[in-house]
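Before any comments, here is the structure.
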Amino acid sequence: MTCSRDAVQACVNMLLQTPPGQENQVLHDIKGILEGTVSSDQVEDHARPVLLQYAHEQLLPVSIDLEGQSDHAIVCEAAKLDGKYYHPRLSCTFVYDPSQVSAVQVTSIPRPTSEAETLRSAVDEELSKYMCRHFHAGVCSTFLPSSYISARQAASETASIQDADVKGQKEGSASSVHATTTERAEVTRDEASQTCPTDQEFKSEVLQSPLTECAPSTGAPEPVSTPTLTLHIVGNKYNLRNFWSGRWRSTYVFDLSTKAFTRADIRVQTHYFENGNVQMQTQYSDAMPVFQSTGCTAADVIRAIEVHEQHYQTKLFESTDLLREDAFKALRRTLPITREKVDWDKAVSYKIGAELTK
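What follows is the structure in structure tokens.
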């Protein structure tokens, strides 16, 4: 018995609805559903792009180890750089392995040196402090646009290549001058009077350098003049032994030119599955006020985020209390006046039972 490609893809797409921290369990169950029709390797091949999409949507964190330094990076669209992912705090790139949920091929790259990078680093430091105050198991990161990082990296590589070319050309010019001088020393006085060029001609010949011919016609690509900052916060809380898990995700985009937030999204997902399966998913996208700087730009950016998230958390608590007091109570069966459960085996002995027997 075989299974069509569309059927396999439909099963694999269920991974996008995976509750927090349960990717392996859901993938294992999908393999069990398709067992006997599709091999485990084929399921994993279909699942890789879906797991990658899931990682981007859920802002999955991965551990990074680089030259004795350890940190957690976020797999997201803002971190994509030339087919890999960029972790700005350690200034390194890595390849994400969705099947193992891990980072491989971690490589250090030159850190950008600019005013925007200085501001990004300051905002990221303040964001880390905010995360430590409010998220016990959270990961955060602040990104510049990937085009900005690529331009800086290209400029750095171009400068290194030009320095190497200049050094080689200088060495070539020096050896050429030395060879020319040796050859002219071997010419006799009689031949020299007839064939040796004048001083002006000799200077022209020696000073002619290939530097002009090898100079690049265009410079390195210019970085974005007014980049934006993308801030990600993700807090995971897993307690699968007690049948619950949860995840907080928030994304902010801050425009450095207008000093305003152009995006502010908060998503919360919780899952309770003891004797049942209940999930709550919320999304909050509300405009944030125009940024007002009081002198410390990085601190003001994080302060605005803190006020925004506290406001949403208050509204979330009010909504859950309303749900518990009204909606959930309406679902419960009201107890009789005796406050005891009805014994349906003795229903005849109740007055309503006697009425029903007539």
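Each residue of the sequence shown is one higher than the last, beginning at 1 in UniProt numbering.
C-beta atoms are modelled at their ideal positions from N, C-alpha and C, and glycine is treated no differently.
Owing to the predicted nature of the structure, the values given are computational and were not obtained by experimental measurement.
1. With distances taken from CA atoms, which of Lys-346, Tyr-130 and Ser-146 is nearest Glu-117?
2. My parser needs the alpha helix (DSSP H) runs of 4 or more residues fully inside the region 30 to 72; what are they?
3. Can you name the residues that DSSP bridges to Met-280?
4. Within the continuous alpha helix (DSSP H) that includes Ser-297, where are the two ends?
5. Helix, strand or coil for Ala-260, going by three-state DSSP, please let me know.
6. Run the CB neighbour count on Arg-48, radius 10 Å, all protein chains shown included, and call it buried at 16 or more, exposed below.
7. Where does Val-12 land, buried or exposed, given buried means 16+ other C-beta within 10 angstroms?
8. DSSP on Val-75, reduced to helix/strand/coil?
9. State the start and end residues of the unbroken alpha helix (DSSP H) segment that holds Arg-5.
10. Span of the alpha helix (DSSP H) holding Ser-121?
11. If we ignore side chains and look at the alpha-carbon of each, how far apart do Leu-15 and Asp-343 end up?
12. Just the C-alpha distance for Leu-322 and Met-280, rounded to the nearest angstrom, thanks.
13. Okay, do the region 49 to 62 and the region 88 to 102 touch, 3+ Cβ pairs below 8 Å being the bar?
14. Just to confirm, are Arg-263 and Arg-249 a CB contact at a threshold of 8 Å?
15. Compare the C-alpha of Leu-119 against each of Leu-240, Arg-247 and Leu-256 and name the closest.
16. Thinking C-alpha only, which one of Ala-10, Leu-316, Thr-142 and His-232 is nearest Thr-282?
17. Short check: CB of Ala-73 to CB of Ser-141, under 8 Å?
18. Under the rule that 16 or more other beta-carbon atoms within 10 Å means buried, what is Val-301, buried or exposed?
19. Alpha carbon to alpha carbon, how far is Thr-338 from Gly-246?
20. Quick check: the region 72 to 91 against the region 29 to 39, are at least 3 beta-carbon pairs closer than 8 Å?
21. On the CB-based measure, 16 or more other CB atoms within 10 Å of its CB, does Asn-236 come out buried or exposed?
22. Is the beta carbon of Pro-61 sitting closer than 8 Å to the one on Val-139?
23. Please classify Ser-146: does DSSP put it in a helix, a strand, or coil?
24. How long is the line joining the alpha carbons of Val-95 and Thr-230, rounded to whole angstroms?
On the basis of the data shown:
1. Position 117 of the sequence shown, counted from the first residue, corresponds to residue 117. Minimum Cα distance to Glu-117 is reached at Ser-146.
2. 40 to 58
3. Here residue 280 refers to the residue found at position 280 of the sequence shown. The partner list for Met-280 (beta bridge, DSSP) reads Thr-270.
4. Working through the sequence shown from its first residue, we reach residue 297 at position 297. Sequence inspection shows Thr at residue 297; the Ser mentioned does not correspond to that position. Its alpha helix (DSSP H) spans residues 297 to 322.
5. Reading the sequence shown from its first residue, position 260 is the one you call residue 260. The answer is strand: DSSP assigns Ala-260 an E or B state.
6. Stepping through the sequence shown from its first residue, residue 48 is reached at position 48. A residue is called buried once 16 or more other Cβ atoms fall within 10 Å of its Cβ, and Arg-48, having fewer, is exposed.
7. For the purposes of this step, residue 12 is taken as residue 12 along the sequence shown, with counting starting at 1. Val-12 comes out buried.
8. Taking the first residue of the sequence shown as 1, we reach residue 75 at position 75. Val-75 falls in the coil class under three-state DSSP.
9. As a first step, residue 5 must be located in the sequence shown, where it is residue number 5. Its alpha helix (DSSP H) spans residues 5 to 12.
10. Position 121 of the sequence shown, counted from the first residue, corresponds to residue 121. Its alpha helix (DSSP H) spans residues 115 to 134.
11. Within the sequence shown, numbered from 1, the residue matching residue 15 stands at position 15. Within the sequence shown, numbered from 1, the residue matching residue 343 stands at position 343. Distance between the alpha carbons of Leu-15 and Asp-343: 44 Å.
12. As a position in the sequence shown, residue 322 is number 322, starting the count at 1. As a position in the sequence shown, residue 280 is number 280, starting the count at 1. For Leu-322 and Met-280, the distance between alpha carbons rounds to 15 Å.
13. yes
14. As a working note, residue 263 is residue 263 in the sequence shown. As a working note, residue 249 is residue 249 in the sequence shown. Not closer than 8 Å, so no.
15. Mapped onto the sequence shown, residue 119 falls at position 119. Minimum Cα-Cα distance from Leu-119 among the listed residues Leu-240, Arg-247 and Leu-256 corresponds to Leu-256.
16. For this step, residue 282 is matched to residue 282 along the sequence shown. Per the Cα distances, Leu-316.
17. Here residue 73 corresponds to residue number 73 of the sequence shown, with the count starting at 1. Here residue 141 corresponds to residue number 141 of the sequence shown, with the count starting at 1. In this structure, Ser-141 lies closer than 8 Å to Ala-73 by Cβ.
18. The residue given as residue 301 occupies position 301 in the sequence shown. Result: buried.
19. Numbered from its first residue, the sequence shown carries residue 338 at position 338. Numbered from its first residue, the sequence shown carries residue 246 at position 246. Going from the Cα of Thr-338 to the Cα of Gly-246 covers about 39 Å.
20. no
21. Locating residue 236 in the sequence shown gives position 236, where the first residue counts as 1. By the 10 Å Cβ count, Asn-236 comes out buried.
22. For the purposes of this step, residue 61 is identified with residue 61 of the sequence shown, where counting begins at 1. For the purposes of this step, residue 139 is identified with residue 139 of the sequence shown, where counting begins at 1. Yes; because the gap between Cβ atoms is below 8 Å, this pair is in contact.
23. Numbered from 1 along the sequence shown, position 146 holds the residue referred to as residue 146. Ser-146: helix per DSSP, three-state reduction.
24. Taking the first residue of the sequence shown as position 1, residue 95 is located at position 95. Taking the first residue of the sequence shown as position 1, residue 230 is located at position 230. In a straight line, the C-alpha of Val-95 is about 20 Å away from that of Thr-230.
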